[in-house]
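Novice: Counted from 1, the sequence shown has number 78 at position 53 by the working numbering; the numbering is strictly sequential. Beta carbons are placed, not taken as given, at the ideal position from N, Cα and C, and that holds for glycine. Here you go, one structure.
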Amino acid sequence: MPVTATQPAIDPAVLAALNATSGPQKDAAGDLQNNFMTMLITQLKNQDPLNPMDNSQMTAQLAQINTVSGIQDLNKTLQSITGQIDTGQTLQAAALIGKGVLVPGSRVLVGSDGTTTPFGFELAAPADSVQVAITDGSGQVVRSYDLGAEDAGTQSFTWDGTLADGTPAPQGAYSVAIKATSAGKAVTVTSLNYALVTGISHGTNGPLLDLGGIANQVGLGDIRQIL
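As structure tokens, then:
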């Protein structure tokens, strides 16, 4: 009856060698191969003559050690690529310092001279009706707009700083609510507010933008428009 060879598990000594040679100052893949070949030769010298290792077992062990070495090389390559991406994102974030951006939020500010910060919205799909309501701190609507039809994507808008009766709005913070519909059905819309990028810091998932207190720190992916 023919004997079916089973693939042996990686020798524990091989795993121990991997751990011993994985320090940042060593060529772990090369050291691991050398250690494995030394152990394999020792194993061949001390094998049972009546039950020698067959070719399939040796081939399987060589394939396993090559796989482990290949994974180590791949990890090094991925770490290098990740480092380059992080550096690129940091440089990109630094270039935004001093620039105005639109990020998710609903705050609009009116200055002492009547100037207002811009705001915007992001539509998930085209809408045949977009309505804007600006409310004061007590929740009262002080100005409303019917923008009509708008395409999907990001749109920016500027309030002229006047109330419904045409008088200037008092200085302070206001909120914007956006409602969008298409054929009578609601369209997903995200309101956006203006913020000035004042600095950057490092986060666990990449650089974070400091927005001068108008909004919490945000990542590059939160920026919808640069003004």
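Using three-state DSSP, classify asparagine 59 as helix, strand or coil.
Specialist: Under the three-state reduction of DSSP, asparagine 59 is assigned to helix.
Novice: What is the DSSP secondary structure of alanine 119, counted as helix, strand or coil?
Specialist: Helix, per DSSP.
Novice: Which whole-angstrom value is the C-beta distance of glycine 130 and serine 216, which I expect to be below 8 Å?
Specialist: 7 Å
Novice: From glycine 175 to alanine 120, what distance separates their C-alpha atoms?
Specialist: Per the sequence shown, the amino acid found at residue 175 is glutamate instead of glycine. Each residue's alpha carbon lies about 31 Å from the other.
Novice: In three-state terms, what does DSSP make of aspartate 138?
Specialist: coil
Novice: Per the DSSP calculation, alanine 220 is bridged to which residue(s)?
Specialist: Looking at the DSSP assignment, alanine 220 forms a beta bridge with Val126.
Novice: Can you grab the Cα-Cα spacing for the pair valine 128 / threonine 115, in whole Å?
Specialist: 18 Å
Novice: Could you name the residues that DSSP lists as bridge partners for glycine 145?
Specialist: Ser181, Leu217
Novice: With DSSP as the reference, label isoleucine 66 as helix, strand or coil.
Specialist: helix
Novice: Helix, strand or coil, according to DSSP, for threonine 192 in the structure here?
Specialist: Annotated three-state conformation of threonine 192 is coil, per DSSP.
Novice: With a threshold of 6 Å on Cβ separation, who are the neighbours of alanine 158 within its own chain once the five nearest residues in sequence on each side are excluded?
Specialist: Val166, Ser169, Ala202
Novice: Across the segment 180-190 and the segment 132-148, are there enough close Cβ pairs to call them in contact, namely three or more that are closer than 8 Å?
Specialist: yes
Novice: Less than 8 Å between the CB atoms is what I'm expecting for valine 155 and glutamine 250, so what's the real figure, rounded?
Specialist: 16 Å between Cβ atoms; not a contact.
Novice: Taking the alpha carbon of alanine 149 as the reference point, which residue from Ala198, Ser207, Lys101 has its own alpha carbon closest?
Specialist: Ser207
Novice: Would you give the residue range spanned by the beta strand (DSSP E) that aspartate 153 belongs to?
Specialist: 152-160
Novice: Can you tell me whether leucine 233 is buried or exposed? The criterion is at least 16 other CB atoms within 10 Å of its CB, across all chains shown.
Specialist: buried
Novice: CA-CA distance, valine 214 and proline 151?
Specialist: If I take the Cα positions, the gap works out to 10 Å.
Novice: If I measure Cβ to Cβ from glycine 224 and keep anything under 7 Å in the same chain, skipping five residues before and after, which residues do I get?
Specialist: Contacts found: Ile122, Asp235.
Novice: In chain order, what residues of the same chain lie with their CB nearer than 8 Å to the CB of lysine 51, ignoring the 5 residues before and after it?
Specialist: For lysine 51, the pLDDT reaches just 47, beneath the cut-off of 50, and the residue's location in the model is therefore unreliable, leaving the point undetermined.
Novice: Rounded to a whole number of angstroms, what is the C-alpha to C-alpha distance between leucine 245 and alanine 177?
Specialist: 21 Å
Novice: Determine, using beta carbons only, whether valine 133 and glycine 186 come nearer to each other than 7 Å.
Specialist: no
Novice: With burial defined as no fewer than 16 other Cβ atoms inside 10 Å of the residue's Cβ, what is the status of isoleucine 248: buried or exposed?
Specialist: buried
Novice: Could you tell me how far apart the beta carbons of alanine 198 and glycine 162 are, in whole angstroms, since I believe they sit closer than 8 Å?
Specialist: 7 Å
Novice: Could you compute how far the alpha carbon of threonine 229 sits from the alpha carbon of glycine 209?
Specialist: 42 Å
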